[in-house]
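Q: For the sequence shown, my numbering gives the first residue as 1211, with consecutive numbering after it.
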Amino acid sequence: MDTLLLTLGALALSGALATIAGCAEDLESDVGSQSNPNSQVQLAPQMGNIHRYYNKAISGEPVSYGLYVAIAGSIAYALMQAGINAILAIIVGAGVAALVHGAYAVSAYLGRIVGQSKNFGQPVYWDIVTTHIGPIVGHGFIAVFCIVLMAYLANTILGNPFPLPLIAFIFGITVGAIGSSTGDVHYGAEREYQKYPFGGGVPVANHGDIDIKAEYGLRNSMDSSYFCSRLGGVLTGICFGLIVFLDGWRGILGNILQGKDPIVSSIISIIIGAIIVALLAIINRKIEVFARVKYGPYK
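#1: Among all the DSSP beta bridges, which residues are the ones paired with Leu1428?
#2: Taking just the CA atoms, how far does Ile1343 sit from His1349?
#3: Taking DSSP as the reference, what is the three-state secondary structure of Arg1262?
#4: Drop a sphere of 10 angstroms on the beta-carbon of Glu1498, count the other beta-carbons inside from all chains shown, and report buried for 16 or more, exposed for fewer.
#5: Is the beta carbon of Phe1455 less than 8 Å from the beta carbon of Gly1225?
#6: Alpha carbon to alpha carbon, how far is Tyr1436 from Val1241?
#7: Considering only C-alpha positions, which residue in the set Cys1449, Ala1501, Ala1364 and Val1503 is nearest to Gly1232?
#8: Mind checking whether Ala1378 and Val1358 have CB atoms under 8 Å apart?
#9: Counting Cβ pairs, one atom from each stretch, are 3 or more of them under 8 Å apart for the region 1257-1268 and the region 1380-1390?
#10: Is there contact between the region 1327-1346 and the region 1277-1293, where contact requires at least three CB pairs shorter than 8 Å?
#11: Can you tell me whether Asp1514 is buried or exposed? The criterion is at least 16 other CB atoms within 10 Å of its CB, across all chains shown.
#12: Ile1285 and Phe1355 - do their beta-carbons sit closer together than 8 Å?
#13: Excluding the 5 residues flanking Val1324 on each side, which residues of the same chain have their C-beta closer than 7 Å to its C-beta?
#14: If you scan the region 1274-1351 from start to end, which runs of the alpha helix (DSSP H) of 4 or more residues do you find wholly inside it?
#15: Would you report the Cα separation of Gly1458 and Arg1502, rounded to the nearest angstrom?
#16: Can you give the Cα-Cα distance for Ile1352 and Phe1381, rounded to whole angstroms?
#17: How would you call Pro1272, buried or exposed, if buried means at least 16 neighbouring beta carbons within 10 angstroms?
#18: Do Ser1431 and Ser1274 have their beta-carbon atoms positioned less than 8 Å apart in this structure?
#19: State the DSSP-derived secondary structure class of Phe1372, mapped to helix, strand or coil.
#20: Between which two residues does the alpha helix (DSSP H) holding Leu1441 run?
#21: For Ile1338, which residues in the same chain have their Cβ closer than 7 Å to its Cβ, ignoring the five residues on either side in sequence?
#22: Any heavy atom of the ligand NAP inside 7 Å of the beta-carbon of Ile1343?
#23: Among residues of its own chain, excluding the 5 on either side of Gly1483, which ones have a beta-carbon nearer than 7 Å to its beta-carbon?
#24: Does DSSP classify Ala1267 as helix, strand or coil?
#25: Assuming Ala1254 is part of the alpha helix (DSSP H), what are its boundary residues?
#26: Measuring only the C-alpha atoms, how far is Gly1303 from Gly1321?
#27: Straight-line CA distance for Leu1376 to Leu1289?
#28: Hey, quick one: how far does the alpha helix (DSSP H) through Gly1532 stretch, first residue to last?
#29: Using the C-alpha atoms, what's the distance from Ser1317 back to Gln1250?
#30: Taking Gly1258 as the reference, which of Thr1366, Asn1329 and Thr1213 has the closest Cα?
#31: Who are the Cβ neighbours of Leu1221 in its own chain at under 6 Å, not counting the five residues just before and after it?
Spelled out as structure tokens, the structure:
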């Protein structure tokens, strides 16, 4: 019973950490215009729109967060093997990853913007660099710390057989993929493209045609992050948290129902997972049909 309670507690904590990590990761990518919005920001000067957006996509979010989390996990693992306290080791690893993140973010921004300055007249705004790099590194640190701590719990309590750096790497790719899908849908294009009707999407011909008018002055990436903290970041965190929590419950229920036979446990876990996926698909379809009936198709 004590072992089961410890496992349930670790699973609940992992779900909470995943929710925080997903939210922080999405808001970090919004501050840096890293994912889907990046292509729109990248094309703005070519369309004649001088902007004050941060533009730092080094690669897709799954690849970049896989790198940052793997760096933090590897350093934390090495320090723990040397006898350092686990929490302190994870903090140090996340701090080093944050420095790497910041270095890549600055070099990516300068490389992209300077490359556009000669032909398209896009200036480098140093105040954008100084004001945006802090939230980028800070949100990245929170996301990486939570993910590496999740990986530590998975390795030490939840029974994951893989080493800490590998678990962290897989989690990093996962949160980046969720941020690129769930978070991007709610990036706030209705604020960037105010001149177009809501709900119509952004046609390729209009990519880069950013509405740069903000409540005060020219819009920048911080305005997008303020908007996305209400919906996009929250939904990204909930999505990642549910994936971690439901998958953990699948494994725990399989272990409870099977007794001592690992083969039976695996079969039961697969069946439970299939049931969860089917239920989520049905719920998603019901919500989509309700929205289309309620609000009608876009015209």
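Glycine included, every Cβ here is placed at the ideal spot set by N, Cα and C. What you are looking at is a predicted structure, and each value in this text was computed from that prediction instead of being measured.
A: By the coordinates alone:
#1: Lys1423
#2: 10 Å
#3: strand
#4: exposed
#5: yes
#6: 9 Å
#7: Cys1449
#8: yes
#9: no
#10: no
#11: A query on residue 1514 cannot be resolved here, the shown segment of the chain reaching from 1211 to 1509 and no further.
#12: no
#13: Val1334
#14: 1296-1330
#15: 34 Å
#16: 14 Å
#17: buried
#18: no
#19: coil
#20: Taken as a continuous stretch (DSSP letters only), Leu1441 belongs to no alpha helix (DSSP H), as it is neither H nor E.
#21: Arg1262, Tyr1264 and Asn1430
#22: Absence of the ligand NAP is noted for the structure shown, with no ligands found whatsoever.
#23: Arg1460
#24: coil
#25: Taken as a continuous stretch (DSSP letters only), Ala1254 belongs to no alpha helix (DSSP H), as it is neither H nor E.
#26: 27 Å
#27: 16 Å
#28: Past the edges of the chain, shown from 1211 to 1509, lies residue 1532, and the structure says nothing about it.
#29: 20 Å
#30: Asn1329
#31: Gly1458
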